[in-house]
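Last residue of the sequence shown: 1598 (the numbering used here), numbering continuous.
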Amino acid sequence: MAISTVFEGIRVADFAWVGVGPLVSKYLADHGAEVIRIESSVRPEPLRRAPPFANDEPGLDNSGYYADFNSSKQCVSLNLQHPDGVAIAKRIVEHCDIVTESFTPKAMRAWGMTYEDLCEVRPDLIMISMPMYGLTGPWSMWQGYGHVLQAAAGISHLTAYPGEEPIGTGVAYTDFLVPHFAASALLAALDHRQRTGEGQNIDFGQMEAAIHATETMVLDYTVNGREQQPLGAGHPDYCPYGTYQCAARGDDDDRWIAITVTSEAELASLADVAGQPSWTSLEAEALDAEIASWTRTQQAEELMQQLQSAGVPAGVVQTPEDLRGDPQLAHRGHFWMLDHPTMGHRAYDGPSFRLSETPAELTKAAPLLGEDNEYVYKDIVGMSDEEYVEHLVSGAFD
1201 MAISTVFEGI
1211 RVADFAWVGV
1221 GPLVSKYLAD
1231 HGAEVIRIES
1241 SVRPEPLRRA
1251 PPFANDEPGL
1261 DNSGYYADFN
1271 SSKQCVSLNL
1281 QHPDGVAIAK
1291 RIVEHCDIVT
1301 ESFTPKAMRA
1311 WGMTYEDLCE
1321 VRPDLIMISM
1331 PMYGLTGPWS
1341 MWQGYGHVLQ
1351 AAAGISHLTA
1361 YPGEEPIGTG
1371 VAYTDFLVPH
1381 FAASALLAAL
1391 DHRQRTGEGQ
1401 NIDFGQMEAA
1411 IHATETMVLD
1421 YTVNGREQQP
1431 LGAGHPDYCP
1441 YGTYQCAARG
1451 DDDDRWIAIT
1461 VTSEAELASL
1471 ADVAGQPSWT
1481 SLEAEALDAE
1491 IASWTRTQQA
1501 EELMQQLQSA
1511 GVPAGVVQTP
1521 EDLRGDPQLA
1531 HRGHFWMLDH
1541 PTMGHRAYDG
1551 PSFRLSETPA
1561 ELTKAAPLLG
1571 EDNEYVYKDI
1581 VGMSDEEYVE
1591 HLVSGAFD
């Protein structure tokens, strides 16, 4: 029988929180895996409390942030602090191929849900643990989020402006870098299990993935004993390499364009578009000032078209409004429109890649907290109606 999606038949118990873990399981869910989010109203997943909220109305089922990271998934509510909570969680795991979690190591150990514990109910289990610093080592029990991790990995140092505080990138940058490495690790483990029948434990330290963004800085220090200094938006080898303000678009005077020149040929093309042949002989600082003065007279979108047509890498600094109307994203079908019970008809980010034979399918909007309790507990776990009601009344499903 033909497989319609690449992870069809794979079931995942997803205990992970916030960014990295849910994005990893989103890749799986959007490509056919049955992903079951395991959450609790007693201590809600932090991302459910994160703005923006639909219609500016805060609520556990109204976060656009949570929604975008959790398309195509199911969700059960389960209080792991309840006397029956861990036992019920293990009954879910018994029917799953993969477990994902992103707590510090002490959490799963305290619950008795380490890889060794869970293999007692599912011997061929694949489990990926994604704490910030891995499962072992002197920092392993430390916690943090993307802002902390980009600082620890050296990203905040490198992206700061000279002489100014290292404030970081302004977004949880590593939350969007790290999941690609984690997903690759899961693919390797799935391939191994398919060939051998053996599951395995993936000890995935987010720090070790994030440091790939600064590995040249580390290499320079290792080989040359040289510490790279903050560059802001600059580049050690390319010039011009910056972001320049453009002419206003209607009432919007906050229009910008990024321009990168990597060769003499590209610089000559830039000078030709600007009608300024002398630019090819200017020093970096003077050239940058000339470009900044010129771009203020240009419309960002038109200038991007002209520069790209001349072979000069350039891109408009796009706003959310720009992105929703971006013709390239529209052509690629990037945004999927899905119906959510509380947020209504809204756009979700689709996958960043296209599989020709087994394309992704965003099957549903993000789940409400506990939306799939009856299906998971009765149809998958096998609880009777009586047992289900008993746990419901006892607070196990809080």
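Quick reminder that beta carbons are idealized off the backbone N, C-alpha and C, glycines included.
Could you give the C-beta distance for residue i and residue j, rounded to a whole number, given that I count them as a contact under 8 Å?
| i | j | result |
| --- | --- | --- |
| V1576 | V1276 | 5 Å |
| A1382 | M1330 | 6 Å |
| L1538 | G1550 | About 10 Å separates the two Cβ atoms, so there is no contact after all. |
| A1353 | M1407 | 6 Å |
| H1282 | A1530 | So it is not a contact: roughly 47 Å between Cβ atoms. |
| V1461 | P1477 | The Cβ separation is near 15 Å, so there is no contact. |
| L1180 | T1495 | This structure cannot settle anything about residue 1180, because the visible part of the chain is limited to 1201 through 1598. |
| L1325 | G1399 | 4 Å |
| R1393 | V1581 | Between V1581 and R1393 the Cβ distance is about 23 Å, and since that is not below 8 Å, they are no contact. |
So, at 8 Å on beta carbons, what are the nonlocal neighbours of residue i in its own chain, with the 5 sequence-adjacent residues on each side left out?
| i | result |
| --- | --- |
| V1212 | S1225, L1228, A1229, A1233, E1234, V1235, I1236, C1296, D1297, I1298, V1299, T1300 |
| F1253 | G1259, N1262, S1263, G1264 |
Just the Cα atoms here: how many angstroms apart are residue i and residue j?
| i | j | result |
| --- | --- | --- |
| Q1499 | Q1505 | 10 Å |
| I1459 | V1512 | 8 Å |
| L1318 | L1223 | 23 Å |
| F1376 | V1218 | 12 Å |
| E1365 | V1378 | 25 Å |
| V1242 | L1280 | 9 Å |
| A1351 | V1423 | 23 Å |
| W1342 | E1557 | 42 Å |
| G1525 | A1307 | 43 Å |
| C1444 | P1362 | The question names Cys, yet the displayed sequence has Tyr at residue 1444. Between Y1444 and P1362, the C-alpha separation is close to 18 Å. |
| D1598 | E1571 | 12 Å |
| A1388 | N1262 | 35 Å |
| A1448 | T1414 | 36 Å |
| A1492 | W1456 | 10 Å |
| H1591 | A1287 | 12 Å |
| E1521 | E1490 | 30 Å |
| P1305 | L1278 | 20 Å |
| V1220 | G1344 | 12 Å |
| A1385 | G1334 | 14 Å |
| G1425 | D1437 | 19 Å |
Candidates the options: which alpha carbon is nearest residue i's?
| i | options | result |
| --- | --- | --- |
| V1473 | A1514, R1249, G1582, G1442 | A1514 |
| I1402 | D1284, E1316, I1580, D1598 | E1316 |
| G1346 | Y1438, A1492, T1369, T1519 | T1369 |
| I1411 | S1356, N1573, I1288 | S1356 |
| V1348 | M1332, E1208, S1340 | M1332 |
| S1240 | A1216, V1461, G1221 | A1216 |
| K1273 | L1569, E1590, S1594 | L1569 |
| E1208 | D1454, L1390, Q1508 | L1390 |
| L1507 | T1519, T1497, Q1518, E1466 | E1466 |
| L1247 | G1533, E1502, A1310, F1269 | F1269 |
| T1519 | N1255, F1303, D1452, S1384 | D1452 |
| S1340 | A1310, F1303, E1320 | F1303 |
Please classify residue i as buried or exposed, where buried requires at least 16 other C-beta atoms within 10 Å of its C-beta.
| i | result |
| --- | --- |
| G1359 | Reading off the sequence, residue 1359 comes out as Thr, not Gly. Classification of T1359: buried, given that the 10 Å Cβ count is 16 or more. |
| E1427 | exposed |
| M1201 | Confidence at M1201 is low in this model, with a pLDDT of 45, below 50, so its placement is unreliable and the value that follows should be read with caution. That one is exposed. |
| G1285 | buried |
| R1322 | buried |
| I1367 | exposed |
| T1396 | exposed |
| P1251 | exposed |
| T1151 | Outside the shown range of the chain (1201 to 1598) lies residue 1151, about which nothing can therefore be said. |
| T1336 | exposed |
| E1483 | exposed |
| V1516 | buried |
| T1497 | exposed |
Indicate whether at least one CB of chain D lies closer than 8 Å to the CB of residue i.
| i | result |
| --- | --- |
| E1301 | Structure shown: chain D not included; a single protein chain is present. |
Here's a check: name, in chain order, each residue in its chain whose Cβ is nearer than 6 Å to the Cβ of residue i, leaving out the five neighbours to either side.
| i | result |
| --- | --- |
| G1432 | Y1361 |
| D1214 | S1225, V1235, R1237, T1300 |
| T1542 | D1261, N1262 |
Taking 7 Å as the limit between beta carbons, can you name the residues of its chain near residue i, skipping five residues before and five after?
| i | result |
| --- | --- |
| H1540 | A1267, R1546, A1565, A1566 |
| A1510 | S1469, D1472, V1473 |
| C1446 | R1455, W1456, I1457, T1495, R1496, Q1498, Q1499, A1500, L1503 |
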